[in-house]
Amino acid sequence: MTEPSTDRAAEAGDPASRGATGTPVNARGAPLNRRGLETRARVIGTAIDVLADGERGGEVSANLVAKRAGVTWGTVQHQFGGVDGLWAAVLQELAGRGEMLPWKEMDDGSVTERMTRIVDALWSGLDSTPGRAVATLRGLLPRNTAELADAYPRTTAQLALWDRHWRRAYARAFRGLVVDAYRLERVRHLLPAAVHGLYLEQNLSTWTDIDEARAVLAESIAGYLESRG
């Protein structure tokens, strides 16, 4: 999901959905009028709500989004070009809200303090409406990245942009510290999955103290980054 052409499309904010002036356009590239903009916003908002609720066990589909938004599937095709354009528009909208990566300035303090802030930020993101929506959406998409890029190129571009935002935020968090670059990169791959696993565990019958688990996760990773062996 990190081919240069895909990244450039993502960085531009899915140009297929916007005209030269940045105004949203329909699937044919025509600028949307006021009614069209209102319909687009309603469909995207409904999709976010449906996806966020879907993590709690509800069935989710693009057809359900259209039904809940009070539009026909033809309207979704006209507005977004189909399901790929709809999911891409949802991800673009959520990225603009900034809730999924609620980063504050974290480039101060010890490695443990910074890692604790990162874990807390990832947890807050998962516990937000955007986090729940993205988790559900990822469950709907193909697991194989080649298949995903082929079937959902615009959605793939937006997911690639989310990954790049995560990489940048993570790198900024360790500015000013001397930390082994190889270990830092390995931890970047681990963190989202580890935090997500703990987040899911809290919703099950568990004897795990989730707060303690989050704390030891941050402390253990910090110890790994600081160790010289």
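Residue numbers (this note's numbering): 21 to 249.
Just so it is clear, CB atoms sit at the ideal spot from N, CA and C, and this is done for glycine as well.
In the three-state reduction of the DSSP assignment, PRO51 falls in the strand class, which pools E and B. Listed in chain order, the non-local C-beta contacts of ALA214 below 7 Å within the same chain comprise LEU237, local neighbours out to five positions each way being set aside.
Spanning the alpha carbons of VAL199 and LEU210 requires a straight line of approximately 16 Å.
A straight line joining the alpha-carbon of HIS98 with that of GLY105 spans about 10 Å. Contact holds between the stretch 54 to 67 and the stretch 84 to 92, because three or more Cβ pairs, one in each stretch, are under 8 Å apart. Of the candidates GLY65, VAL207 and ASN46, the residue whose Cα lies closest to the Cα of ARG117 is GLY65. Its chain contains ASP104, TRP107 and ALA108 as the residues whose beta carbon lies nearer than 6 Å to that of THR175, once the 5 sequence neighbours on both sides are disregarded; these appear in chain order.
In its chain, beyond the 5 residues on either side, TYR190 have a beta carbon closer than 6 Å to the beta carbon of ARG208. Spatial neighbours of ASN46 in its own chain (CB-CB distance under 7 Å, excluding positions within 5 residues in sequence) are listed in chain order as LEU52, GLY56, HIS98 and GLN99.
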